[in-house]
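Visitor:
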Amino acid sequence: MRKKLILALLIASFSVFALAATEIEFWHAMGGAQGTTVNEIVDSFNEANPDIEVKAIYVGNYSALQQKLLVSAESRTLPALSQAYGNWTARLIPRGAVQELNSLISDPEVGLTDEEWAAIWDPFKRMVTWGDTVYGLPFNKSTYVLYYNTDLFEEYGLEVPKTMDDLLFAAMMLTEDKNNDG
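Mapping to the working numbering: the sequence shown position 26 is 63, numbers consecutive.
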């Protein structure tokens, strides 16, 4: 239900370019199983809203999507809705290519309740907010993960790195120069 509400809010927010249209293009970079899930969410939304047809369009990887968005912003051929990183959005705001969402988020009919807005993790909200103006909603997030060999760290008496400097130090301590190339 929550995903449907967010999708509905996003669709409404980007309908600047398609106010009278019943068909809404949604560009994304979700391939494979993630793309299947996006299509299922869109299909569910379309079933629940027969007067609106969202067309989920897989544009390619994130790089391809970013390039297509930037070029389309220049030619004023943006879709009504798109997946985008916060730094891409930041480049589109000065061009007037992105609609603010504050009024939609607070709209009692299509918006989020205070409880729903509060449930979004603050770092994610900060990624889509400039000043007091919200220009996006968190859609998906990748988290970088680093694994380490606990036995090797114990053998060398190293603690788990907590900073990038700690990681660099551990890497230097665990690197063996087998061919004297430094």
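The beta-carbon is built from N, C-alpha and C at its ideal position, and this holds for glycine as well.
Only a predicted model underlies this, so the values are computations on that prediction, with no experimental measurement involved.
1) With DSSP as the reference, label T74 as helix, strand or coil.
2) Name, in chain order, the residues that DSSP records as bridge partners for K178.
3) Please identify the residue among L195, T170, F63 and T180 whose C-alpha is closest to the C-alpha of I130.
4) Extract the residue ranges of the alpha helix (DSSP H) inside the stretch 106 to 146, only unbroken runs of 4 or more that lie entirely within it.
5) For the alpha helix (DSSP H) containing W154, list its first residue and its last residue.
6) Can you list, in chain order, the residues of its chain with a C-beta nearer than 7 angstroms to that of A221? Leave out the 5 residues immediately preceding and following it.
7) Using a threshold of 8 angstroms, state whether the C-beta atoms of I78 and T59 are closer than that.
8) Does DSSP put E90 in a helix, in a strand, or in coil?
Guide: The relevant details are as follows:
1) helix
2) Beta-bridge pairing links K178 to no other residue.
3) T170
4) 123 to 129 and 139 to 142
5) D151 to A156
6) What is shown of the chain runs 38 to 219, which leaves residue 221 out entirely.
7) no
8) strand
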